[in-house]
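Taken in order, these protein sequences are the chains called H and B. Residue 36 is where the first sequence starts when you use this note's numbering, and the numbers rise one by one after that. Residue 347 is where the second sequence starts when you use this note's numbering, and the numbers rise one by one after that.
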Amino acid sequence: MTESNGFEPKIIGFFCNWCSYAGADKAGGMQQAYPPNVQVIRVMCSGRVDPQFILSALVKGADGVIVLACHPGDCHYKEGNCRALQRHRLLLLMLEQLGIEKERCRLDYVSAGEGEKFNRVIHEMVAAVRTLGPLMPLPEHDSHTIRSDAPMSSVAAP
Amino acid sequence: MKIGIYFCNCGSNIADKISSAAVIEAARSFPDQPFVNILDFICSEDGRLRFEESLKSEQPDRVVVAACSPRDHEATFRRCMTAAGMNPYLLQMVNIREQVAWVTEDPQVATDKAIRAIRGAVGRVRLQQPLERKQLEVCPDALVIGAGPAGMKAALSLAEAGRSVVLVERTPFIGGLPVRFEELFPALECAPCMLEPLMGDLLHGDCAGRIELMTMAELVEVTGFYGNFIAKIRQKPRQVSLHDCIGCGECAAACPATTMNGFNSSASERKAIDFAFAGVLPNAPFLLEGVCVRSKGEDCRACKDACPMGADVINLEEVETVVERRIGSIILATGAGLYDAAHVPGMGLGSLPDVYDALQFERMLSSTGPTSGEIMTANGSAPASVAIIHCVGSLDEDHNPYCSGICCQYAFKFNHLISAKLPDTIITHYHRELTVPGKEAHTLFQQAVQNTNTCLKRYERITDLAVSLADDGRLQVSAHGELEPADLVILCPAVIPAAGADSLSALLDVSRDSSGFFRELHGRLDAAQSTIKGVYLAGACQGPMDIQKAMLAGMASVGHTLAGLQPGRIIEIEPITAEVDETRCAGCRLCISVCPYHAITFDTEQNRSRVNAVLCHGCGTCVTACPAGAINGHHFTNAQIMAEIEGVLK
Ligand SMILES: Cc1cc2nc3c(=O)[nH]c(=O)nc-3n(C[C@H](O)[C@H](O)[C@H](O)COP(=O)(O)OP(=O)(O)OC[C@H]3O[C@@H](n4cnc5c(N)ncnc54)[C@H](O)[C@@H]3O)c2cc1C
Ligand code: FES
Numbered sequence: 036m037t038e039s040n041g042f043e044p045k046i047i048g049f050f051c052n053w054c055s056y057a058g059a060d061k062a063g064g065m066q067q068a069y070p071p072n073v074q075v076i077r078v079m080c081s082g083r084v085d086p087q088f089i090l091s092a093l094v095k096g097a098d099g100v101i102v103l104a105c106h107p108g109d110c111h112y113k114e115g116n117c118r119a120l121q122r123h124r125l126l127l128l129m130l131e132q133l134g135i136e137k138e139r140c141r142l143d144y145v146s147a148g149e150g151e152k153f154n155r156v157i158h159e160m161v162a163a164v165r166t167l168g169p170l171m172p173l174p175e176h177d178s179h180t181i182r183s184d185a186p187m188s189s190v191a192a193p
Numbered sequence: 347m348k349i350g351i352y353f354c355n356c357g358s359n360i361a362d363k364i365s366s367a368a369v370i371e372a373a374r375s376f377p378d379q380p381f382v383n384i385l386d387f388i389c390s391e392d393g394r395l396r397f398e399e400s401l402k403s404e405q406p407d408r409v410v411v412a413a414c415s416p417r418d419h420e421a422t423f424r425r426c427m428t429a430a431g432m433n434p435y436l437l438q439m440v441n442i443r444e445q446v447a448w449v450t451e452d453p454q455v456a457t458d459k460a461i462r463a464i465r466g467a468v469g470r471v472r473l474q475q476p477l478e479r480k481q482l483e484v485c486p487d488a489l490v491i492g493a494g495p496a497g498m499k500a501a502l503s504l505a506e507a508g509r510s511v512v513l514v515e516r517t518p519f520i521g522g523l524p525v526r527f528e529e530l531f532p533a534l535e536c537a538p539c540m541l542e543p544l545m546g547d548l549l550h551g552d553c554a555g556r557i558e559l560m561t562m563a564e565l566v567e568v569t570g571f572y573g574n575f576i577a578k579i580r581q582k583p584r585q586v587s588l589h590d591c592i593g594c595g596e597c598a599a600a601c602p603a604t605t606m607n608g609f610n611s612s613a614s615e616r617k618a619i620d621f622a623f624a625g626v627l628p629n630a631p632f633l634l635e636g637v638c639v640r641s642k643g644e645d646c647r648a649c650k651d652a653c654p655m656g657a658d659v660i661n662l663e664e665v666e667t668v669v670e671r672r673i674g675s676i677i678l679a680t681g682a683g684l685y686d687a688a689h690v691p692g693m694g695l696g697s698l699p700d701v702y703d704a705l706q707f708e709r710m711l712s713s714t715g716p717t718s719g720e721i722m723t724a725n726g727s728a729p730a731s732v733a734i735i736h737c738v739g740s741l742d743e744d745h746n747p748y749c750s751g752i753c754c755q756y757a758f759k760f761n762h763l764i765s766a767k768l769p770d771t772i773i774t775h776y777h778r779e780l781t782v783p784g785k786e787a788h789t790l791f792q793q794a795v796q797n798t799n800t801c802l803k804r805y806e807r808i809t810d811l812a813v814s815l816a817d818d819g820r821l822q823v824s825a826h827g828e829l830e831p832a833d834l835v836i837l838c839p840a841v842i843p844a845a846g847a848d849s850l851s852a853l854l855d856v857s858r859d860s861s862g863f864f865r866e867l868h869g870r871l872d873a874a875q876s877t878i879k880g881v882y883l884a885g886a887c888q889g890p891m892d893i894q895k896a897m898l899a900g901m902a903s904v905g906h907t908l909a910g911l912q913p914g915r916i917i918e919i920e921p922i923t924a925e926v927d928e929t930r931c932a933g934c935r936l937c938i939s940v941c942p943y944h945a946i947t948f949d950t951e952q953n954r955s956r957v958n959a960v961l962c963h964g965c966g967t968c969v970t971a972c973p974a975g976a977i978n979g980h981h982f983t984n985a986q987i988m989a990e991i992e993g994v995l996k
C-alpha cells in the first residue's frame, strides 16, 4: 500500500461455478482474510466469460479483472476453460494495443479444494494491480463500441 | 418493479462483519429502491417459513437473498420461491458469508464490499426472466452392448425387473471372454458350468421374452438423450435362423468348404457353416461368407439340403439390415482384449513356435479347444518345462503404464492346471511384480509357491528377458543373461480395451482415459456412469477386472437405470440453457464447433443453428463464441452479467 499512496484497486473476478467459485467458498471456510478488492461475478463456466465483459469492466471503473477456471482437464463442461485460455491470450494482445498492462488481466486455475491457492492468487492479483496504480479511463469511443447485447467478435475466439 | 432484498444475519456469522443497517441505508439509492428484510437464519425451518410468508405478503417481482454461498442454499431458496407462488428463477443470491464476512477483517470494509455485491445482484435480478423446467416422459428400457459377464448380468437383471432390453453382441455367441476358458480363478470353478445357467436364463428363462438378443450385431448410430435415445443397430446376416435352428450340426457336416477357426486362434479347422466351438450359445452355426463356395460363384446348397428342420432355417440370401430401437439408457459392456505381445520385443510371439499368449493358452486348456485340452508342444509332445512370463506390456511406460490386476491370478491358475495334468513339468514364473489381492487369490498363489516343480523369478524390466531358440531347437528364456530351457512359453500381456472401443466412444461421445478404457464420470463416486448422462459402464470396458467385479459392475449399471428411469417418470430439464435467436443467427455454425455436447444442430433449410435444450448443459461457451450475439444464455445473459458488473463497480 505504501508504494501507491493508499490506492485500493477495484477488481472484478469471474469465477466458474464448479471449481473456482467452490475454491473461493473453501477459502471462506478456512476463514483466512484476503484483500477485499475483488468483487465476484459467478458464471457457470469460464468459457462463458466474454472478453467484452472484461473490457467493459475496465471501461466502467475496474482496475483489473481476474478469471478463475477449473484446472485444465477438469472443466465441468469438458473444455470451456480451454476456450477461456484462447480468449485470454487474444485479449492480452488487444490490451497491449490499448496500452493496458497485461498484469491487469489474469487467468488462473483454482480447484474446489484449493482454498489456500485461492487466497494466494487473490493476494498476488491485488498486489500486482496496486503496484500498477489506477487504470486511466479508456478512450471514450471504446466504451461506445461496447454494447451490452453483442460480444466483440474480434476477440471472441471460438 | 418491486424488489425484495432478504438479508441473513446467519447468527453472528454475517452480522459480526456486515452491518444490516448500512445495507438498508444503501438500498435506498439502488435502482427501484428495494425493500430490505433482515432475518436471522433464512435457511432454518423457521427462517424459510418467514421468508415464504414475506414473499406472499410483499409479493416482490424479483428477490435477492444475501446470505451464504448459492452452492449451499440456492436450491432451498428457489423451492421457497416456488412455494410462495413465484418463479424460482427470479431469485439472485449474494454470497456475503463465505466470500465476504469470513474473509474480510475490517467490518467497515466488509460492509462496503457486501453492499457493492448486493447492488450488482439488484441490477442483475431486474433483468432476470421467469424460466420453466421442461417435462419429458422417459423410456424405461435399455440397450446393453456386449454379452460378456457384465452385459449378460445387466440384461438379465433389467429383464427381471420388468424392463425390455436390447442386447447387442458383435460375435455370433454370448458369454464374452470366459467362454474360452475351462476353469476359473480363484476357486477353479468350471467356467462353462458357471456361465451356462446364466446364459440359459438369458436365452430361455422366465424373463427371456423381455430380452431381444442380437448377435452378429453392432451399434451404428445413436441420437437423443437420457431417457429418450434412438439407437440404430446393424444386424449382419447369420444365414441361419436362431429361432428355428436346433443346433444339430447336419449343415456343418455337409459343408464342403473349410478354413481355420479364428476362435481357436486358428489352431483348428472349421467349415464355412459351423459352430464357433462345441457347446456354443446360442446353439446355432453361422456362415462365414468369404469361405462359402457360393462366394466363389458355385451354386452349392449342401447345408440347406442337409437341414432336417426344413428349407426356411438356412437362408442363403439373407442380407444385412439396420433396425431402430427406442431406449432410455445405454449400458456399455464391451469388455477387454489382450495387448498384442508381438509389440514387446524378445517375447517371440508370432515368430517362434510354442509361444502363446494367455488367451491362446486358455484355448489349449479347454476341452473344446484345438488340442481338446491337452497341453502339448507343436510337435505333439508334453512340455518338460513351461515358462510363464507375467507383466508383458503392463506396468511399463513403453507399453501400458498400469498393472492389469488379473494376470498373476490366471498365471497361478495355469500353474495349477499344468501341474495337475503334467505333474513332472517344471514351471517357471517370470514376474516383475506380483498382484494377488483380496481374500481368495492367495490359495492358488500358495499352491504355486509350495509346488516343488515351480520356480518364481523376478525380473526388473521386460527387456532383461528374451525368448529364443537354442541350438538344439528347444525354446529357452534368458533372464538377466541366465539361460533356462522352456518347451512352452506363455505370455501374460496387458489387458486392454476391446477392439472398437474408440469408434464406440466417438459414436456416443463418451470419453476414454489415457489407456483407452471408457472414463468413469467419477472414479470413486460414480464409477458406473460414463461422461454422458444415460450411458453407463459395466465390466472390463472400464478397466481390467475379474468376473466377480464385472458382474458387480453389471448390477451397478442396472441400478442407475432402475433408479433413474421408472416407467411413467417425467424428467425435468434445467432451463439454464442456450437458445438461438433465429432472426440474428447468420448460420456460421461456430457454435456447433464449440459445443462440447453436440447439443446444437444446423437447420440447412432455414440456415440457422438450433439448440436442443435437453442436450444443452448450460455452460454458455456458444453464447460467448457467437460472433452475431445471436445466442441467449438463459439466466446468464450478456445483459444480466453486464448489469451485475456495472452494479458492483458503481
Ligand atoms: C487370459 C485370461 C484369463 C482369465 N481368467 C479369469 C478367471 O479365471 N477368473 C476370472 O474371474 N476372470 C478371469 N479373467 C478375466 C475375465 O475374462 C473378465 O473379467 C471378463 O471377461 C470381463 O467381462 P466383461 O463382460 O466385462 O467383458 P468381456 O468378457 O470381454 O465381454 C465383452 C463382450 O462384448 C462384446 N463386444 C465388444 N465390443 C463390442 C461392440 N462394439 N459391439 C457389440 N459387442 C461388443 C464382446 O464380443 C464380448 O462378448 C481372465 C482374463 C483373461 C484375459
Ligand atoms: S466449469 Fe470451471 S472452467 Fe468450465
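C-beta: ideal position from N, C-alpha, C; glycine also. Note that this is a predicted model, so its numbers are computed, not measured.
With 16 or more other Cβ atoms from the protein chains shown falling within 10 Å of its own Cβ, residue 880(B) counts as buried.
For residue 462(B), a Cβ of chain H is located within less than 7 Å of the residue's own Cβ.
Judged by DSSP secondary structure, residue 517(B) falls outside any alpha helix (DSSP H); it is assigned neither H nor E.
Closer than 7 Å at the C-beta level to chain H, one finds these residues of the stretch 928-962 of chain B: 936, 939, 940 and 942. Interface residue (Cβ-Cβ distance to chain B less than 7 Å): residue 48(H) is not classified as such. For residue 993(B), the closest Cβ of chain H is not nearer than 7 Å.
Contact between residue 968(B) and residue 977(B) holds: their C-beta atoms lie close to 5 Å from each other, under 8 Å. Take the alpha-carbon of residue 598(B) and the one of residue 619(B): they are about 5 Å apart.
Counting C-beta pairs closer than 8 Å gives three or more between the stretch 49-60 of chain H and the stretch 142-159 of chain H, which meets the contact rule. In this structure, residue 370(B) keeps its C-beta atom at 7 Å or more from the C-beta atom of residue 406(B).
Between residue 683(B) and residue 753(B), the alpha-carbon positions lie close to 12 Å from each other. Listed in chain order, the non-local C-beta contacts of residue 787(B) below 6 Å within the same chain comprise 532 and 755, local neighbours out to five positions each way being set aside. In this structure, ligand 1 has a non-hydrogen atom nearer than 6 Å to the beta-carbon of residue 680(B).
Across the set 493(B), 962(B), 474(B) and 497(B), the C-alpha of 497(B) shows the shortest separation from the C-alpha of residue 902(B).
Interface annotation, residue 88(H): in contact with chain B, CB-CB separation under 7 Å. Counting C-beta pairs closer than 8 Å gives three or more between the stretch 425-438 of chain B and the stretch 393-412 of chain B, which meets the contact rule. Neighbours of residue 965(B) across chain H, judged by C-beta separation under 7 Å: 79, 80, 82, 83, 112 and 115. Its chain contains 514, 579 and 581 as the residues whose beta carbon lies nearer than 6 Å to that of residue 563(B), once the 5 sequence neighbours on both sides are disregarded; these appear in chain order. As summarised for the stretch 489-559 of chain B, the continuous beta strand (DSSP E) elements at least 3 residues long and confined to that stretch are 511-514, given in chain order.
In this structure, DSSP gives residue 114(H) a state outside helix and strand, which the three-state scheme calls coil. For residue 973(B), the closest alpha carbon among the candidates 961(B), 962(B) and 955(B) is that of 955(B). Chain B has no Cβ within less than 7 Å of the Cβ of residue 164(H).
In the DSSP assignment, residue 993(B) falls within the unbroken alpha helix (DSSP H) covering 984-995. Leaving aside the five residues that flank residue 962(B) on each side, the residues in its chain whose CB is nearer than 6 Å to its CB run, in chain order, 923, 924 and 945. The C-alpha of residue 970(B) is placed about 14 Å away from the C-alpha of residue 934(B). Relative to ligand 2, even the nearest heavy atom lies 6 Å or more away from the CB of residue 429(B).
Of the heavy atoms belonging to ligand 1, none sits nearer than 6 Å to the Cβ of residue 580(B).
At a beta-carbon threshold of 7 Å, the residues of chain B lying near residue 69(H) are 449, ordered along the chain. Spanning the alpha carbons of residue 992(B) and residue 675(B) requires a straight line of approximately 45 Å.
Within the chosen limit of 6 Å, ligand 2 reaches the beta carbon of residue 111(H) through at least one heavy atom.
Per DSSP, reduced to three states, the secondary structure at residue 918(B) is strand. Sequence-ordered contacts of the stretch 135-151 of chain H with chain B are nonexistent [C-beta pairs closer than 9 Å]. In this structure, DSSP gives residue 363(B) a state outside helix and strand, which the three-state scheme calls coil.
Apart from sequence neighbours up to five positions away, the residues of its chain that approach residue 356(B) with a beta-carbon distance below 6 Å are 443, ordered along the chain. Here residue 627(B) is buried, its C-beta having at least 16 other C-beta atoms within 10 Å. By the neighbour-count criterion, in which 16 or more other beta carbons inside 10 Å mark a residue as buried, residue 950(B) falls on the exposed side.
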